[in-house]
Structures are given as structure tokens and as C-alpha cells.
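Worksheet: one structure, shown below.
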Amino acid sequence: GCNPLAETGRSKLQNQRAVLNQQILRAVRMRAGAENLLRATTNNKVREQVLLELSFVNSDLQILKEELEGLNISVEVYQDTAETFSIPLVPLGLKETKEVDFTLPLKDFILEHFSEDSSEYEDEIADLMDLRQACRTPSRDEAGIEMLISYFLQLGYVENRFFPPTRHVGVLFTWYDSFTGVPVCQQNLLLEKASILFNIGALYTQIGTRCNRQTEAGLENAVDAFQRAAGVLSYLKETFTHTPSYDMSPAMLNVLVKMLLAQAQECVFEQIGLPGIRNEFFTLVKMTQEAAKVGEVYMLVSTAMNQEPVKENIPYSWSKLAQIKSDHYKALAHYFVATILCDHELQAGDDEDQQEKALSQLYDHMPEGLMALSLLKDKVQRKQLGKAHLRKAVVCHEEALRVCGLCKKLRNIDVLQEVLTAAHKRSLLKYSQQETEDDFLSLIQAPDIIAKTEHKMEIIAPQFSKVKVKDFFHRLGPLAVFSAKQRWTAPRSIRIHCEAGELGFSLKGGSPVQIYCLDPVCSAASMGLREGDYIVSVGGVDCKWLGVHEVLEKLKSVGEQPIEMEVISCQDTAASVHSKSATYSVGMQKTYSLICLAMEEVKIDQTKKTPLKLPFLSWGTKNRQKAASTLCLPSAVAGSSHIKKKLSPFTLLNSESSLY
9 GCNPLAETGR SKLQNQRAVL NQQILRAVRM RAGAENLLRA TTNNKVREQV
59 LLELSFVNSD LQILKEELEG LNISVEVYQD TAETFSIPLV PLGLKETKEV
109 DFTLPLKDFI LEHFSEDSSE YEDEIADLMD LRQACRTPSR DEAGIEMLIS
159 YFLQLGYVEN RFFPPTRHVG VLFTWYDSFT GVPVCQQNLL LEKASILFNI
209 GALYTQIGTR CNRQTEAGLE NAVDAFQRAA GVLSYLKETF THTPSYDMSP
259 AMLNVLVKML LAQAQECVFE QIGLPGIRNE FFTLVKMTQE AAKVGEVYML
309 VSTAMNQEPV KENIPYSWSK LAQIKSDHYK ALAHYFVATI LCDHELQAGD
359 DEDQQEKALS QLYDHMPEGL MALSLLKDKV QRKQLGKAHL RKAVVCHEEA
409 LRVCGLCKKL RNIDVLQEVL TAAHKRSLLK YSQQETEDDF LSLIQAPDII
459 AKTEHKMEII APQFSKVKVK DFFHRLGPLA VFSAKQRWTA PRSIRIHCEA
509 GELGFSLKGG SPVQIYCLDP VCSAASMGLR EGDYIVSVGG VDCKWLGVHE
559 VLEKLKSVGE QPIEMEVISC QDTAASVHSK SATYSVGMQK TYSLICLAME
609 EVKIDQTKKT PLKLPFLSWG TKNRQKAAST LCLPSAVAGS SHIKKKLSPF
659 TLLNSESSLY
């Protein structure tokens, strides 16, 4: 990973994000304590003091939320360093996490579960921790992506080896929400995997915004990066359906995927216009529909960002920027149509049919009383419709500038103001160049333009198989056998020797090999060897990865001399569901909610049927009884309200209520 102490703009932003996360955590805890005191006390004077304190805490939290939003809209830090005249693109910030110490939990598990000397695996555990630490500060290039994917794949091995489905191993993962700063703590490794996936997508967005959009190669790389980012987040949404974090909720991920594909479409438009837009009929028709397409996708993004439950947590400046881009590109489309109508007349050598077809395909329906062919031939009609499009373009540009002025964060982005102002002035200039006639006599309204593109943006699914990783804990044996789901007896030493060249048993399987067709009267059987035992070592040499032929050679190589081998027997164990809840929260309302670790044992009535264990991140109404205390912010607290019913933080996941 990158040097975490490097004084780069990106590292400064991430450090500020980490500090804000800690401040939000402290404020949330203060609010939780004040709320509990408010519920517990009946003294009116104390209640007044607590309510006053809560108002201060809520104000502080709102300020911290605005500061975090400011980090999310600090887009200029992530743009290309070269001087550009383009509207900035929005990157995603990396999720922050706390350090995790795998040493004791994994060493204990190796000793207890695999019956091996855990001190021999200290280097492997250190390698895993070093890789995780490096993933907190990945470089903004393909090497950083590859490192994050390597850790994600390594977590698959770690999950299968050390995280049984029946109990926790004592490793607590803490990740901070990218938009709210609220921590999520769980002992489930799937939270770690989901957060790493989010950071892979976020890093792709930072690579995309970093590309030089003044070159063909830079724009191609930007389009590819945004498509890959959308693919990773889409994969995250489909794989982890009920994540206990706002930024990884299905609704939020759906909006982020739309935003990234819209930015990819925007880069395609810039790529088409990069060589310069010639004032030629068919070129302008193509640019018109491409600009209309960008405006359309940003309109869909803006609409999605203003829907519950996303509206409460998406940065306000992001939703306004999507609205600005929608108006801006819609205005460009009308400007290009106006240029076609005002600057081009049907000449004798022009292809009349092709121009008529191209013009008619721009509209759902022609303005009343107008036909495409007559419009091309009639100069007066063309001028009137062209001016109508220019008026529509000016109105859209003014709306984009108005919305930009409403958002303090966007007002401070100079290049955004410059691009919007320049486009507005260009449309005004074009309008002023037309003949000064009484516009009140013209009743023509500019019709809507059909959006069309030759380069529709699709997500690119993540290709994890291209990154090759080796299991750090390869020495424990083949994963299909030596996993956390399997349980065995401790290794037993069996002293055997060949009797007339025969061992008294056969071997089968791959790695490791199993005892097969055991002669019950042979010496090995009398020493405790059983049918189906796995051979893990022969003569002190590890045999977990050896096949049948290699193990037979070792057994017969000693001739008549006795040799010791170690075997293990598989145990049939009934899986029991762990009765501890990994997360809890109550009253999750429109802004924040702290999700912490609850270690309270759930007492289940023996006369009732034990409920089935819910899968990770799938917390519904059946899990309500596993919830505990209230830690949430910042919403008004009624003076005498008492929560009579405990709710799970994820009770509302399957409803339309505002969870996130």
C-alpha cells in the first residue's frame, strides 16, 4: 500500500475522514447515554438538562455530517492535475476501518481445531495482517486494485479455514460508513469482504476521475474504470443483499451504479467531441442525440437520489450536481439542434431523403403544422424552430446555474462555474445573432429531443480469476478437507510394518489419502487404525498434499522396518446455532444509527421451536429478539416517550420505511 503518512491530497482527505469518524462515534455515544438517562429519570429538572444537552449533541452531529459531505464533494483533489475545462466527475471515498489483530484468535483456532503447533504459523498470520494493513492505503492504479482483490480472495480461504458457521472465533471487524461515518462492528467475516468490495469499486472511481480527459486514451481508460466500478458495486449488491451499513445498502448501491454509468456515458460524449465538433448536418445530429442521452441518464440519477431512503444519506451536493448535469446536457442538445436549423440550408447536391430521415428521428413528433421535409426547405420555419430551441437551451442553462448557486459546495468549484457560464453565454450569443423579429408572433414550442447513443454503457463484471493468489495457510492441508466446517480427532500415531510385503489396507482418494479396505486382523487395525482415516504424516514427513502413489512409496520404502504414521478420523457433529447477536440498534431513523457488538445470551424457551439461523446480513422480523439497546442520532426525542418494543436495526429492510 501507499505510505499512510504521505502528504498527498488524497491521503489528507482520508485522514480527515478517519478523524471525523472518531468524532462522530464519540458524539453518538454521548447521545446514547443522554437518551438512556432521559428514559430512566423522572426528575423534571434533570430531564430539562438532558434535553438541552441532546440539542447540543444533535447540532454537533449535523455539523460533522456536513463536514463529511464536504469531503465527499472534494472532487477536485481526485481530478487529473492537468488544466482542464470539463465538469468534474465524482469519485467515491474509501471506507475506513480499525486495525484487526488476527494473532491470538487464529493461533487458538489452529491449536484447538487443527491440533497443530500454532507457533509455526506466526509468519502466515503476520502476512495476512500486513496485507490487510496495506489495503487501508491502496495506490491509485492497477496495482492497488490487484492488492485489494488479492486480499478479498485471501479472505475466502481464511473464511473456510477459520470461521465455522456454528460459532464466532473472536475477531471483531469495524468499518465506518462512507457517507455517515457511523461504525458497523461485527464478528462476521462477510462484513470485511463486503467492505473490501466497496473499496475496490471506490478505487476504480478514483482511477477514472484521475484519467486525463483531454486525450483519447485517457477518456477510454475513464470509461473502462467507471464501468468496472459499477460492475463491482453491482456484484456487491447481488452478493450481500442486506448489509448493515448505509453505503452498502441495496438502494444506495443501485443509485451509485447509475451514477457511475452516467459518468461513463458523459466521458463517451466527451470522447466523440474531442477532435472537435464540425458544423456539419449529420455530425450535429449525432452530437444532439448523444448530449440528450447524457442528460437523460443524469435525470434518472437525480430522480433516484431524491427517493427514500437514499435521499437522507446521499450527499446533497451529489444530487444537485446530477441535476445540474441533466440540465446542462439537455441545453447542449437543444443548442446543437438550433445550430442545425439556423446554419444549414438544403442545397441542390444534398441527400434530401437522408436529411429528412435524420431530422425526423430527433423528435417523437414534429411541432404542429410542420413536416421534416418542408422544414428543411422553408427558411422562415427553420429560423423560428431554431430560435425556439435556443430559448429552451438558455432556460436550461439558467436553471443549471441557479441550482449550482443554491449549493455552497458546488459554488466553490471554479471549473464547474466556468463551464456552465461559458455554455450559457454561447447560447445567448447564438440567439442574439438571429434576425430580430417579434418573438411573440411565434407560437412554436421546441419539442423534446429523443435520446440516442451508439455507445450504451454496460457494467463490466469483476474478473477475480485474473488475480492469482496462494492460500497463506496452505500447510494446513487441502481446503476441501481441512476446513472450519470439518471436525476430526487429534492425530493418532500408528506403528505399522509390512507383513509379507502387505500393509493390511489400501489407500484411496486424492490429497490427503484415506484408509480403504482395512483388514480387521492386521497389525495396523490392532493399533487403532480405522476405515476412512486420513493419513497426515508418514515417518514424521507431512503427507497432507501427497497422493496415493507417493504415500505408498513412503510406506513401503522402509521394507520390513516398522514405521510410524499419524492419522485423523472425521467426527460427525451436529451444527448448533450460536445464540449471540453480532449487531444491535433501535429506532434507526432518518440520519445516523450506531451499530455495535451485543454479546447478550438469548434465552430460548425450551417448549418453543428453536428458530432457524438467519444468514449473514439478512436481519428480518425473526431476529428482533436478538436486538438490544438504543444508540441513534440525530432526531428529536419526545420528552416522555418510552420505547416499549425492541426492534432489530434491520427489521425494516424488507419494508418501504426509511431505514438508511
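End of the sequence shown = 668 in our numbering, gap-free, step of one. We treat Cβ as the ideally placed atom computed from N, Cα and C, and that holds for glycine.
Does I153 come out as helix, strand or coil in the three-state DSSP assignment?
Within the sequence shown, residue 153 is the residue found at index 145, counting from 1. Here I153 sits in helix by DSSP.
For a test of the three-state rule: what should DSSP assign to P470, helix, strand or coil?
Here residue 470 corresponds to residue number 462 of the sequence shown, with the count starting at 1. Three-state result, P470: coil.
Just to confirm my understanding: we take G281, look at its own chain, exclude 5 residues before and 5 after, and list those with CB closer than 7 Å. What are they?
The count along the sequence shown starts at 1 and reaches residue 281 at position 273. Closer than 7 Å at the Cβ level, and outside the excluded window around G281, lie M295.
Just verifying my parser: in three-state terms, what is the DSSP assignment at V549?
Taking the first residue of the sequence shown as position 1, residue 549 is located at position 541. Strand, per DSSP.
To the nearest angstrom, how far is it from the Cα of I322 to the Cα of K387?
Mapped onto the sequence shown, residue 322 falls at position 314. Mapped onto the sequence shown, residue 387 falls at position 379. The alpha-carbon atoms of I322 and K387 are separated by roughly 49 Å.
If you measure between the beta carbons of E278 and S94, is that distance less than 8 Å?
Residue 278 sits at position 270 when you count from the first residue of the sequence shown. Residue 94 sits at position 86 when you count from the first residue of the sequence shown. Yes, the Cβ-Cβ distance between E278 and S94 is below 8 Å.
Can you check whether the CB of R169 is closer than 8 Å to the CB of L554?
As a position in the sequence shown, residue 554 is number 546, starting the count at 1. As a position in the sequence shown, residue 169 is number 161, starting the count at 1. No.
Short of 6 Å in beta carbon distance, which residues of its chain neighbour D479, apart from the five on each side in sequence? Order them along the chain.
Counting from one through the sequence shown, the residue named residue 479 turns up at place 471. Y165, listed in sequence order.
Which one of K552, V559, G547 has the shortest CA to CA distance from I571?
Counting from 1 along the sequence shown, the entry for residue 571 is found at position 563. Comparing Cα positions, the closest option is G547.
So the beta strand (DSSP E) V192 belongs to, where does it begin and stop?
Translated into the one-based positions of the sequence shown, residue 192 becomes position 184. Counting along the chain, the beta strand (DSSP E) containing V192 begins and ends at 191-194.
So, is L537 buried or exposed, given that buried needs 16 or more other C-beta atoms within 10 angstroms?
In the sequence shown, residue 537 corresponds to position 529, counting from 1. Counting Cβ neighbours within 10 Å, L537 comes out buried, since at least 16 surround it.
Please go through the same chain and pick out, in chain order, the residues whose beta-carbon is closer than 6 Å to the beta-carbon of Y243, but skip the five residues on each side of it.
Taking the first residue of the sequence shown as position 1, residue 243 is located at position 235. Answer for Y243: P470, listed in chain order.
Report, in whole angstroms, the separation of the C-beta atoms of Q235 and I467, which I expect to be a contact under 8 Å.
Your numbering for residue 235 matches position 227 in the sequence shown. Your numbering for residue 467 matches position 459 in the sequence shown. Correct: roughly 6 Å between the Cβ atoms.
Looking at I118: is its Cβ nearer than 8 Å to the Cβ of L156?
Taking the first residue of the sequence shown as 1, we reach residue 118 at position 110. Taking the first residue of the sequence shown as 1, we reach residue 156 at position 148. Contact: no.
From what residue to what residue does the alpha helix (DSSP H) around V489 run?
Numbered from its first residue, the sequence shown carries residue 489 at position 481. Run containing V489: none; DSSP gives neither H nor E here.
Under the three-state reduction of DSSP, which class applies to F277: helix, strand or coil?
Position 269 of the sequence shown, counting from 1, holds the residue named residue 277. Three-state DSSP puts F277 in a helix.
From which residue to which residue does the beta strand (DSSP E) around Y184 run?
By one-based count along the sequence shown, residue 184 stands at place 176. Taken as a continuous stretch (DSSP letters only), the beta strand (DSSP E) holding Y184 covers 181-184.
According to the neighbour-count rule (16 or more other Cβ atoms, all chains shown, within 10 Å of its Cβ), is K7 buried or exposed?
Outside the modelled stretch of the chain, which goes from 9 to 668, sits residue 7, for which no answer is possible.
What first and last residue would you give for the alpha helix (DSSP H) that runs through Y524?
The count along the sequence shown starts at 1 and reaches residue 524 at position 516. Run containing Y524: none in the alpha helix (DSSP H); it sits in the beta strand (DSSP E), 522-524.
For the stretch 174-192 against the stretch 144-158, do three or more pairs of beta-carbon atoms, one drawn from each stretch, fall closer than 8 Å, so that the two count as touching?
As far as the Cβ criterion goes, the stretch 174-192 does not touch the stretch 144-158, which means the pair count is below three.
What three-state label does DSSP hand T291 in the structure shown?
Residue mapping note: residue 291 aligns to position 283 of the sequence shown, counting from 1. Helix, per DSSP.
Could you name the residues of the same chain whose beta carbon sits closer than 8 Å to that of V6, not counting the 5 residues immediately before and after it, in chain order?
Missing from the structure shown is residue 6; the chain here goes from 9 to 668 and no further.
When DSSP builds the beta bridges, which residues end up paired with I208?
As a position in the sequence shown, residue 208 is number 200, starting the count at 1. Paired residue(s): none; I208 is not in a bridge.
On the criterion of 16 or more Cβ atoms from any shown chain inside 10 Å, does Q441 qualify as buried, or is it exposed?
By one-based count along the sequence shown, residue 441 stands at place 433. Exposed is the call here.
Might you give, ordered along the chain, the residues of its own chain that have their beta carbon closer than 6 Å to the beta carbon of E68, omitting 5 neighbours on each side?
Here residue 68 refers to the residue found at position 60 when the sequence shown is read from its first residue. Before going further, note that residue 68 is Asp rather than Glu in the sequence given. Excluding positions up to five away in sequence, the list reads A35.
With which residues is H175 paired in a DSSP beta bridge?
Taking the sequence shown and counting its residues from 1, the one referred to as residue 175 is at position 167. For the record, residue 175 in the displayed sequence is Arg; it is not His. In DSSP, R175 forms no bridge with anything.
Mapping DSSP to helix, strand and coil, what is Q579?
For the purposes of this step, residue 579 is identified with residue 571 of the sequence shown, where counting begins at 1. Strand.
On a Cα-Cα basis, can you pick out the residue from D361, L139, S565 that is closest to F160?
The residue you call residue 160 lines up with position 152 of the sequence shown. It is L139.
Under 8 Å, with one C-beta from each stretch per pair, do the stretch 419-436 and the stretch 364-376 reach the 3-pair mark?
Cβ pair count under 8 Å is below three, so no.
Reducing DSSP to helix, strand and coil, say where L33 ends up.
Along the sequence shown, read from residue 1 onward, the residue named residue 33 stands at position 25. In this structure, L33 counts as helix in the three-state DSSP scheme.
Given that a residue counts as buried once 16 or more other Cβ atoms are within 10 Å of its Cβ, and exposed if not, what is L501?
The count along the sequence shown starts at 1 and reaches residue 501 at position 493. Reading the sequence as shown, one finds Ser at residue 501 and not Leu. So S501 ends up on the exposed side.
For D613, which residues from the same chain have a beta carbon less than 7 Å from its beta carbon, with the 5 sequence-adjacent residues on both sides left out?
As a working mapping, residue 613 is identified with position 605 in the sequence shown. Since pLDDT at D613 reaches only 42, below the 50 mark, its modelled position is unreliable, and the value read off the structure follows with that caveat. So no residue of the chain qualifies.
What's the C-alpha gap between I215 and H373?
As a first step, residue 215 must be located in the sequence shown, where it is residue number 207. As a first step, residue 373 must be located in the sequence shown, where it is residue number 365. C-alpha separation (whole angstroms): 42 Å.
Taking the alpha-carbon positions, what's the C412 to K328 distance?
Here the question's residue 412 lines up with position 404 in the sequence shown. Here the question's residue 328 lines up with position 320 in the sequence shown. Rounded to the nearest angstrom, the two C-alpha atoms are 7 Å apart.
At the level of alpha carbons, what is the spacing between L62 and N29?
Along the sequence shown, one-based indexing puts residue 62 at 54. Along the sequence shown, one-based indexing puts residue 29 at 21. Those two C-alpha atoms are separated by around 19 Å.
Buried or exposed: A134, going by 16 or more other Cβ atoms within 10 Å of its Cβ?
By 1-based counting over the sequence shown, the position of residue 134 is 126. Exposed, by the Cβ-count rule.
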